[in-house]
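First residue of the sequence shown? That's 6 in our numbering, and the numbers climb one at a time after it.
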Amino acid sequence: MCTSDRLLTPPKCQETSACPRDLMANRDLKLAESSTRQQPTLQRKQNSLPLSVVQLTILLSVSHWTGPYQLGCIFNHGDHIVAVNDLHPKNMEEVSLFISRSTRKEVKLTICRIPDSDIFHVKGCSCS
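Encoded structure:
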């Protein structure tokens with residue numbers, strides 16, 4: 006947290022839903038429109054890691070997001086991962102474990118967002 010003459014706005018917490026394997030591998034997706042959550046239908050395409058997380062002291066922060074395209078630009082630089090399926094990870098290994106071992110069709114991530122932080126744009130998105 007930095008100090009300045011202006012008041013700081015606290016991070017906003019929000020929930021993001023994605024399929025468990027989406028966060029670990031690229032997939033073809035079909036998204037159902039929803040006002041609160043994305044509900045992807047998945048087919049495995051290729052293995053890669055579109056989500057990168059770094060641990061800064063006690064905070065787990067999103068450091069990289071590359072897709073998949075259909076899921077969109079859902080992360081911002083420095084988003085803090087608070088929970089994965091309502092489980093509170095203590096380190097990066099637990100984040101990976103909670104995602105990879107999930108038996109649910111979706112993974113719910115609870116994040117705290119730093120106001121006005123830059124968006125991680127996926128290749129070919131319409132918002133960049």
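All residues carry an ideal CB built from backbone N, CA and C; glycine is no exception. Model, not experiment: these values are computed from the prediction.
Which of helix, strand or coil DSSP assigns to I119: coil
Same chain, Cβ closer than 8 Å to A88, five either side skipped, listed in chain order: P94, K113, L114 and T115
Boundaries (first-last residue) of the beta strand (DSSP E) holding S101: No beta strand (DSSP E) holds S101; the alpha helix (DSSP H) holding it covers M97 to S105.
8 Å CB neighbourhood of S40 in its chain, flanking five on each side removed: Residue placement at S40 cannot be trusted, given a pLDDT of 30 that sits under 50; what the coordinates show is reported in the next sentence. There are no such residues.
Meets three-Cβ-pair contact criterion under 8 Å: the segment 77 to 86 and the segment 119 to 126: yes
C-alpha distance - G129 paired with F80, whole-angstrom precision: 16 Å
Pair within 7 Å by beta-carbon distance, C117 and C78: no
DSSP bridge partner residues for H69 (one or two, in chain order): S57
Nearest candidate by alpha-carbon position, reference H126, set I63, S57, H69 and L65: H69
Which residues DSSP lists as bridging N90, in chain order: Paired residues: none, contrary to the question.
Coarse secondary structure for C132, derived from DSSP in three states: coil
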